[in-house]
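Colleague:
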Amino acid sequence: MTEIRTPRLLLRRWLDDDLAPMADINADPRVMRWVDDGSVRDLDHTAEAIEQWEEEWDEEGFGLFAVELLGSGELAGFTGLSVPEFLPEVLPAVAISWRLGSQFWGQGYASEAAHATLEFALQDRGIDRVISINRMGDDASENVIRKLGMVPQQETVHPVYGYPLRVHSIDLTEFQA
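So in full-length UniProt numbering, the last one in the sequence shown is 177, and the numbering has no gaps at all.
1. Please list, in chain order, all residues of the same chain as residue 180 whose beta carbon is under 7 Å from its beta carbon, the five residues on each side excluded.
2. Using CA coordinates, which residue listed in Ala20, Ile145, Pro7, Met136 is at the minimum distance from Ala95?
3. Does DSSP put Val40 in a helix, a strand or coil?
4. Closest to Leu69 by CA distance: which of Gln103, Gly149, Pro159, Leu165 is it?
5. Check whether the stretch 6 to 20 touches the stretch 98 to 113, counting contact only when three or more Cβ pairs, one atom from each stretch, lie closer than 8 Å.
6. Per the contact definition of three or more C-beta pairs closer than 8 Å, is the stretch 12 to 28 in contact with the stretch 128 to 148?
7. For Gly101, count neighbouring C-beta atoms within 10 Å of its own C-beta (all shown protein chains included) and say buried if the count is 16 or more, exposed if not.
8. Under a three-way DSSP split, which group does Trp53 fall into?
9. Assuming the contact rule is C-beta atoms closer than 8 Å, Gly63 and Leu81 should be a hit. Round their C-beta distance to whole Å, please.
10. Would you kindly work out how many angstroms separate the C-alpha atoms of Pro164 and Ala20, rounded to a whole number?
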């Protein structure tokens, strides 16, 4: 089982007990504001998503980690790697992303988890380049992306929803562990 420990977090595969807290995160309009069309997700959609994330682990050897707080055992959300098939113009690529419950914002958890995930991608999985795709205006995500050392690569629009996106990238030669 793939796990990563940081000073405050455990990044791990998904457990049955993660469904309800992840569904709560997905049901928060503040969390979902920058995701797809901004719609909240219900328990069934979250269950399907977790199943897909686990399948990606099995197929690709990477995926989205459940992010657990070491101190309390609470599920904070996810961070991880995926193939951004929704944006064919950047393929082939592996993208890093994250989604944390709003009660966990502003504490450095997203940066801590994303940095560990980026190190995992570049050093453990041998991926030579990682991108991040964010919706323009999502300043919190942009801040995490900058902290990772990623640089803007291109601007485009979401092929379904039509809003502007910025693609950032970093490769192994640029990464500071």
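For every residue, glycine included, the Cβ atom is placed at its ideal position computed from N, Cα and C.
Modeller: The relevant details are as follows:
1. For the chain, the structure presents residues 1 to 177; residue 180 sits outside this window and is missing.
2. Working through the sequence shown from its first residue, we reach residue 95 at position 95. Nearest C-alpha to Ala95: Ile145.
3. Residue numbering aside, residue 40 sits at position 40 when the sequence shown is read from its first letter. Note: Val40 maps to coil in three-state DSSP.
4. Working through the sequence shown from its first residue, we reach residue 69 at position 69. The shortest C-alpha separation from Leu69 is found at Gln103.
5. yes
6. no
7. The sequence position of residue 101 within the sequence shown is 101, counting from 1. Buried: at least 16 other Cβ atoms inside 10 Å.
8. For this step, residue 53 is matched to residue 53 along the sequence shown. Note: Trp53 maps to helix in three-state DSSP.
9. As a position in the sequence shown, residue 63 is number 63, starting the count at 1. As a position in the sequence shown, residue 81 is number 81, starting the count at 1. Contact flag correct, Cβ pair sits at about 7 Å.
10. As a position in the sequence shown, residue 164 is number 164, starting the count at 1. As a position in the sequence shown, residue 20 is number 20, starting the count at 1. So the alpha carbons of these two residues sit roughly 32 Å apart.
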